[in-house]
Structures are given as C-alpha cells and as structure tokens.
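Worksheet for the structure shown next.
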Amino acid sequence: MTQNIIYRNNVKISGNGKQPILFANGFGCDQTMWRSVAKDFEEDYQVILFDYVGSGKSDIQAYDSNRYKDLSGYAQDVIDICEALDLKDVIFVGHSVGSMIGALASIVEPERFERLILVGPSPCYLNDPPNYIGGFTREELLGLIDMMERNYIGWAKFFAPTVMNNSDRPELTEELEESFCSTDPIIARQFALATFFADNRGDLSKVSVPSLILQCSQDVIASYEVGQYVHQQLHNSIFTLMKATGHCPHLSHPDETISHIRQFLNNKTIPTGAD
Amino acid sequence: MDSILNHAPCGFLSVDDEGVILAINQTLLNILGYELKELKGKNINTVLAVPAKAFYQFYFFPLIKLEKKVEEMYLSLLTREGNEIPVLLNATRRENINDCVFIPMYKRNEYEIEILKSKKMAEEALDAKDKANDELRKVLHTLEAKQKELVELNFKNQEYQDRLSKELKLAKNIQEKSLPTPLRNEHINFTSFYKSSTELSGDIYGLYQIDKHRYGVIILDVMGHGISSALVTMSLQSIFQKLISVGVPVDVVMHELDEHLLLLFQNDNLISHYCTVIYMMIDTEKEEIEYINAGHPSAIWLDQEGEMLEFRSTTTPLGLLEGMEFEKHVFSYKKGGRLFLYTDGVTDTVELKVLKEILQESRSKSVEDVRKLIIKALKCEEKHIENIDDQCFILVDIK
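Chains as they are written, first to last, in full-length UniProt numbering: chain A, 1 to 275; chain B, 1 to 399.
See the structure below:
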C-alpha cells in the first residue's frame with residue numbers, strides 16, 4: 001500500500017530532519033515548483049514532495065474522474081500520503097489551490113498536522129457580490145479554461161479520439177514528453193473546474209491547525225482582500241504580506257518565502273494543534 | 001533598441017520577474033495602440049485580459065523561470081481600446097529578464113476555434129455513443145436476467161411435466177387394472193381391446209358373471225378424453241361394478257348411472273360430462289339378452305347362420321336430462337351367436353361397414369382371431385388419421 005501511494009503520487013522524500021514538511025503545489029504545474037524552496041529545509045526536516053494524481057509524474061492510471069471531481073479528492077491524496085508514510089506533526093506548505101487542499105486535509109485529520117503555511121490561498125475564485133470578491137467573473141474563469149485548452153492544441157495527444165475513460169486510453173500510459181507543466185488535457189480541465197469553481201469559504205472556520213498566510217503583493221489570482229478574508233475566517237492564523245509580487249513567490253522570491261516560513265516555524269509562542 | 005528590432009514584423013517585449021515591462025518595440029506598441037511612455041515601467045498585466053493575467057501566472061512565469069523558455073504559447077493581449085488580440089508567444093530568459101516575441105494570429109485563431117469546435121462535437125458524439133452503449137448494456141443485462149428466469153421457469157415446468165407424466169402413467173396403470181381379464185367357460189368366451197388416446201381414457205367396459213347362467217356386459221364412453229373424462233369414467237365404473245355383480249336389473253343400473261352423472265355436475269353448467277352406454281344382461285339358460293342402449297353406437301349381433309343385426313340406441317345418452325325413465329329391451333336367441341360392442345373411436349378409424357365385413361368373413365374364427373383382425377385394420381387406418389379418440393371394443397361368443 002505504502003509503495004503504491006509513493007508510486008501513485010510520485011512522492012519524493014529527502015532531508016536529514018525528523019519532522020516532516022510536506023510541500024503541495026498549486027494548479028498547473030508539479031512539485032518542481034517547490035525545488036528551490038524545499039531544498040533549504042532538507043538540513044532540518046524530512047522534506048516530502050509529491051504530485052497529485054493526474055499531474056506531474058503521478059500514475060495517471062490511478063485517475064478517477066469521480067474522486068477528483070472536487071478538491072476533497074485531492075485532499076484525500078494528501079491524507080493517503082500522510083497515512084502511507086505514517087507522518088505526524090506535519091508542516092504543510094501549500095501554494096495556491098494546494099493551500100486549500102491542505103486545509104481540507106487538516107479538517108479531516110487535524111491530529112496529523114502541526115502547522116499550515118498557505119501561500120496565495122483563495123477559498124473561492126468566483127466573485128460573489130456584494131460581500132465577496134474572489135477576483136473573477138464566471139466568464140473570465142471560463143476564458144482561462146478556454147485558454148488552457150487552446151494551449152493544448154499543439155499536443156498530438158490532444159486529439160486522441162477518446163475521452164474520460166482511462167481504460168480506453170492506453171496512450172495515457174506513455175509519458176508525456178512535454179514540460180513539467182504538461183498534463184493530460186482532460187484531467188487538467190477537470191482540475192481547473194474543481195479549482196476555479198470551488199467554494200470552500202464555509203470550510204475555513206473548521207480548520208483548527210495554526211496557520212500562516214503568505215500574501216503576495218499585486219497578486220492577480222489571490223488578491224490582498226481574499227488573503228484577508230482567509231485570515232479572518234481561519235482561527236489561529238497569521239497574515240504576512242510579502243514584498244514579492246505575482247502569484248508564485250516560491251519561484252520569484254524563494255529567499256523571502258523561505259525566511260517567512262522559517263520565522264513562522266521558529267515562533268514557538270504559537271499554540272500548535274498538538275498542544 | 002535598435003531600429004531593426006523596433007520595427008521587426010513581430011511584437012517584442014522584455015519583462016522582469018515582477019512583471020515590469022522593461023522594453024517594448026514599436027510594432028507591439030502599434031498593435032496595442034499605446035505610446036512607449038505609457039507602457040514602459042508598467043506591469044505586463046496592463047496589456048493582458050483577465051484570463052491571460054491568470055494564465056501568465058499559472059503557466060508563463062513558472063515555465064520561463066524554470067525552463068528558461070516558452071514556445072508557442074497562446075495568449076490574448078488587451079489593446080488600449082479594450083480589444084483582445086490572439087497572439088502566439090515565444091520567450092527566452094537571459095539572467096532575470098524575459099524576452100518575449102508576439103505574433104498576432106487572427107486567421108489561425110479562427111481556424112483553431114473551428115478545430116476546437118469539431119473536437120468538442122466529436123467528444124460529445126463519443127459521449128452520446130458511450131451513453132447509448134451503457135443503455136444497451138443495461139438492456140442486455142435485463143434481457144439476460146429475464147432469459148435466466150425463463151430458463152429456470154422452463155426447468156420448473158419441465159420438472160412439473162415429468163411429475164405429471166409419471167402420475168398419469170400411474171393413473172393409466174390403475175385404470176387398466178380395473179378392466180376385466182378375458183373370460184372363457186362353457187357359456188361364454190370374452191375378449192376385448194382397450195387403447196386410450198392420451199394417458200387416460202374416457203372409455204371403459206366391464207364383464208361380470210352374476211350367477212351360474214347370467215352375465216353382465218357393459219361398455220361406456222364418457223364425452224371427451226383425458227383426466228376429467230377418466231375420473232368420471234372411474235366413478236361410473238365403481239358404481240356399475242357394484243350394481244351389475246349383484247344382478248340389479250338393467251333399467252335400474254342405467255337409472256343409477258344417470259343419477260350419478262347428474263349429481264356430479266349439478267349446478268355446474270360449465271363442466272358437464274354426458275356418456276353413452278350399452279348394458280346387456282345375458283341369460284344363457286333362457287337364451288335371452290336384456291339390454292338398454294343409451295345413445296351408444298349400435299352393438300352388433302351375429303348368429304350361427306351369419307345373420308347380423310344391430311342393437312340400436314333405445315334412449316338418449318346419460319347425464320343429459322333429469323327424470324329419465326329407462327325401459328329395458330329383450331332379445332331372444334337360439335344356438336348362440338357373437339356380440340360385438342365398440343366405442344366411436346373404433347368406427348371413427350375403421351368404418352362400421354368394414355368392421356361388419358370382417359365379422360362376417362371371419363365368422364368361423366375364434367374371438368381371439370377376430371380381435372387380431374380388427375386391431376390390424378385399426379392400425380392400418382391409424383396411419384392416415386391425426387387425432388385418434390379413445391378406442392375400445394368387446395367380442396363375446398355366447399354358446
């Protein structure tokens with residue numbers, strides 16, 4: 001079972017420390033996104049990287065369109081990995097939708113997690129006027145998904161004459177020769193729908209594990225206001241506005257990202273879920 | 001920026017990791033409808049529509065940062081007027097600067113949109129096909145289940161049939177056991193033939209020695225054949241057996257049988273069974289035959305000289321009318337003769353005329369031999385007949 005999960009989610013373990021720090025990427029690419037940040041924690045922690053089923057170098061055969069129709073299926077991936085490796089006191093670091101996936105996993109099994117670090121979180125991308133501005137209209141989100149599809153056009157496999165059913169698609173087992181952002185177009189579309197049309201605002205108050213929100217400046221995907229909203233809804237959370245701009249501080253500003261995470265981990269005054 | 005790049009037939013733009021536009025060529029400025037000073041130092045988000053802004057963060061930035069290049073990325077730029085321009089983007093990275101080349105792709109865009117539309121239609125068609133297949137599979141499943149049910153039912157039915165057939169054979173056995181065996185003495189020589197159309201017969205006959213000189217001969221045909229007729233037959237048999245063997249007069253026997261039939265189907269118009277019957281009481285001392293023929297085919301009498309006469313029906317069949325009076329007829333003979341009684345199953349197969357000829361021609365032969373001749377004639381004719389009724393005949397030599 002353990003081996004299955006490690007293979008299924010392309011789990012990579014490194015580092016000399018005992019306490020596990022689990023990095024979860026957001027929508028679009030794979031664990032490579034965390035490369036430079038994760039490396040910095042290898043000396044003191046057990047560093048764990050993985051890919052969600054359906055992305056990166058995960059076992060695409062394990063993809064089940066029913067399980068992954070919403071974020072709870074992805075949260076189950078995180079729980080499966082924690083169980084398979086028998087992880088305790090996990091520090092979970094998630095980017096973008098990865099942060100919400102971790103939050104959902106922590107609601108299911110709060111005792112496994114010591115802290116959550118949420119980089120650019122958003123519980124709901126869709127505007128819900130007048131009280132909530134997620135940042136996007138429905139048309140804009142559909143436009144984004146459309147743009148994703150348009151970018152798969154160059155892929156030979158995009159025109160594979162079958163849909164939805166892995167058993168009918170032996171070509172899926174062939175490794176996609178594209179970049180680390182490549183994924184199966186249909187799976188990517190379902191992940192996009194699960195991500196961009198999710199509304200987990202009601203789940204935030206159920207999170208009991210202490211958390212750090214890392215908010216980028218000028219983030220067009222998760223705005224300052226959305227970050228503030230998350231901070232208000234989460235019990236026991238710290239909100240940090242970064243100098244970094246954009247939506248990927250772990251790529252654009254790894255040093256700043258690392259220092260904020262370290263500062264949060266070294267702050268022993270924060271009561272942990274385990275206490 | 002050198003003049004060639006500035007006016008090259010493609011848009012060019014340099015941007016840092018923060019998204020700040022460091023350089024932009026005139027071609028791109030023309031496409032977007034901006035002046036250089038309006039965009040230089042501004043964030044690239046200024047010229048991206050909302051979906052493109054997000055796409056830039058999700059895909060462009062990670063790719064250029066980690067793989068140092070982006071090839072053939074589809075994006076849409078936003079002009080100053082607010083129009084979207086579909087472009088193909090190639091980018092490379094030098095130190096921390098990302099150089100981007102944009103080619104507008106209006107015509108290609110139309111073409112790709114068409115391709116996507118076709119693809120969606122194909123997918124929908126495939127989806128519909130899959131759904132139809134699913135439905136078919138379900139129907140097939142149901143069909144298979146029904147078939148299995150049918151097979152089971154058939155099996156049960158077969159079991160039932162087998163049991164029934166066993167029961168019927170047993171019943172037939174019982175019926176045949178109730179028939180008298182051939183009798184031969186100084187007064188009388190009796191033989192018979194009995195064959196049912198199905199397992200059970202609606203015909204029955206009997207021969208009883210009442211006392212030293214008197215014999216009772218009866219032949220009876222209940223309407224129809226099969227189980228119900230056979231049951232009626234057997235109930236009548238149990239009655240006439242008791243009555244005849246103690247010498248009850250001919251008319252009383254008939255009356256009792258009639259009463260019994262009427263009683264059986266009292267108040268029941270749907271199922272009524274009438275029957276035809278001949279009962280003869282032969283007194284070999286008086287050389288007299290008392291008889292009643294209730295609707296039955298004529299019995300044949302053949303005397304020593306070859307004279308043939310018939311005992312025709314003297315009254316209606318039994319079980320039809322209430323309050324019937326039965327009157328016995330008396331026939332006297334000299335020097336004996338031969339009696340032939342039969343049911344209509346026999347004359348339906350072999351004509352009475354032919355039977356009479358056989359009787360006449362084989363007058364000097366024994367009853368056993370005549371029996372064989374008649375059976376032979378029946379077998380011969382049966383080949384041409386589909387539905388054969390119950391068959392039964394009796395031959396009695398009176399000395």
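Cβ coordinates follow ideal geometry from the N, Cα and C atoms, glycine included.
Assign B:Val246 to one of three DSSP states: helix, strand, or coil. Here B:Val246 sits in coil by DSSP.
Could one say the Cβ of B:Pro62 lies closer than 8 Å to chain A's Cβ atoms, at least one of them? yes
For a cutoff of 8 Å on Cβ pairs, would you count B:Tyr106 as touching chain A? It does not; no Cβ of chain A falls within 8 Å.
Is A:Thr195 helix, strand or coil when you go by DSSP? In this structure, A:Thr195 counts as helix in the three-state DSSP scheme.
Does the distance between the C-beta of B:Asp303 and the nearest non-hydrogen atom of the ligand FMN fall short of 7 Å? This structure simply doesn't include the ligand FMN, nor any ligand for that matter.
Short check: CB of B:Arg80 to CB of B:Leu32, under 8 Å? yes
Using the beta-carbon of each residue, which ones in chain A are nearer than 7 Å to B:Ala54? Simply Leu144, Val220 and Ile221.
By the 9 Å beta-carbon criterion, what residues does the segment 243-254 of chain A contribute toward chain B? Ala244, Thr245, Gly246, His247, Cys248, Leu251, Ser252 and His253
Which word fits A:Ile101, buried or exposed, when buried means at least 16 other C-beta atoms lie within 10 angstroms of its C-beta? Classification of A:Ile101: buried, given that the 10 Å Cβ count is 16 or more.
Name the two residues that bound the continuous alpha helix (DSSP H) containing A:Met100. Val97 to Val108
Chain C contact residues for A:Thr32, given Cβ-Cβ distances below 7 Å: Any reference to chain C falls outside this structure, whose protein chains are A and B.
Given a limit of 8 Å on CB to CB distance, which residues of the segment 116-136 of chain B reach chain A? Leu116, Lys119, Ala122, Glu123, Leu126, Asp127 and Asp130
Collapsed DSSP secondary structure at B:Leu320 in the structure displayed: coil
Return the chain-ordered list of same chain residues with a C-beta closer than 8 Å to the C-beta of B:Asn96, the five sequence neighbours on each side being excluded. Cβ neighbours of B:Asn96 beyond the five flanking positions: Asp16 and Asp17.
Pull the bridge partners of A:Phe113 from the DSSP assignment, please. A:Val90
Is it true that the CB of B:Leu179 sits closer than 8 Å to the CB of B:Tyr205? In this structure, B:Leu179 lies closer than 8 Å to B:Tyr205 by Cβ.
Should the segment 385-392 of chain B be regarded as contacting the segment 193-213 of chain B, the criterion being three or more beta carbon pairs within less than 8 Å? yes
B:Gly337 in three-state terms, based on DSSP: DSSP, reduced to helix, strand and coil, places B:Gly337 within a strand of the structure shown.
What residue range is occupied by the uninterrupted beta strand (DSSP E) comprising B:Asn90? Segment Glu84 to Arg94, the beta strand (DSSP E) holding B:Asn90.
Taking the beta carbon of B:Met53 as the centre, do at least 16 other beta carbons fall within 10 Å, making it buried, or is it exposed? The identity of residue 53 of chain B in the sequence shown is Lys, whereas the question assumes Met. Label assigned to B:Lys53: buried.
Label A:Lys268 either buried or exposed according to how many other C-beta atoms from any shown protein chain fall within 10 Å of its C-beta, with 16 as the threshold for buried. exposed
CB contact flag (B:Ile244, B:Gly216, <8 Å): yes
Cβ shell of B:Glu327 (< 8 Å), same chain only, five flanking positions each side left out: Cβ-Cβ distances below 8 Å link B:Glu327 to Asp251, Ile292, Thr314 and Thr315 in the same chain, with the five nearest sequence neighbours on each side left out; the list follows chain order.
What are the partner residues of B:Asn43, as DSSP defines its beta bridges? B:Val20, per the DSSP bridge assignment.
In the DSSP output, which residue or residues are listed as bridge partners for B:Lys69? BP columns for B:Lys69 point to B:Thr92.
In the DSSP output, what is B:Asp99 paired with across the bridge? B:Ser14 and B:Thr92
Compute the Euclidean distance between the alpha carbons of A:Tyr7 and A:Asp51, then round it to the nearest angstrom. 10 Å
Do the segment 89-98 of chain A and the segment 18-32 of chain A make contact, defined as three or more Cβ pairs closer than 8 Å? yes
With 8 Å as the limit, tell me which residues of the UniProt domain "PAS" (1-43) of chain B have their beta carbon closer than that to any beta carbon of chain A; keep them in chain order. Asp17, Glu18, Gly19 and Asn43
Anything in chain B within Cβ reach of residue 277 of chain A, meaning under 7 Å, just list it in chain order. Residue 277 of chain A falls outside the range modelled here, since chain A spans only 1 to 275, and no answer is possible.
Tell whether a beta-carbon distance below 8 Å holds between B:Ser332 and B:Arg312. no
Strictly under 8 Å for the Cβ-Cβ distance: is B:Phe58 near chain A by that measure? So yes, B:Phe58 belongs to the interface.
Kindly indicate the opening and closing residues of the beta strand (DSSP E) around A:Phe136. A:Phe136 -> no beta strand (DSSP E), and no H or E assigned at all.
Cross-strand partners of B:Gly202 (DSSP beta bridge): Its beta-bridge partners do not exist; DSSP assigns none.
First and last residue of the beta strand (DSSP E) that includes A:Leu241? Where A:Leu241 is concerned, the enclosing beta strand (DSSP E) stretches over Ser237 to Thr245.
Would a check of beta-carbon distances place A:Gly56 closer than 8 Å to chain B? no
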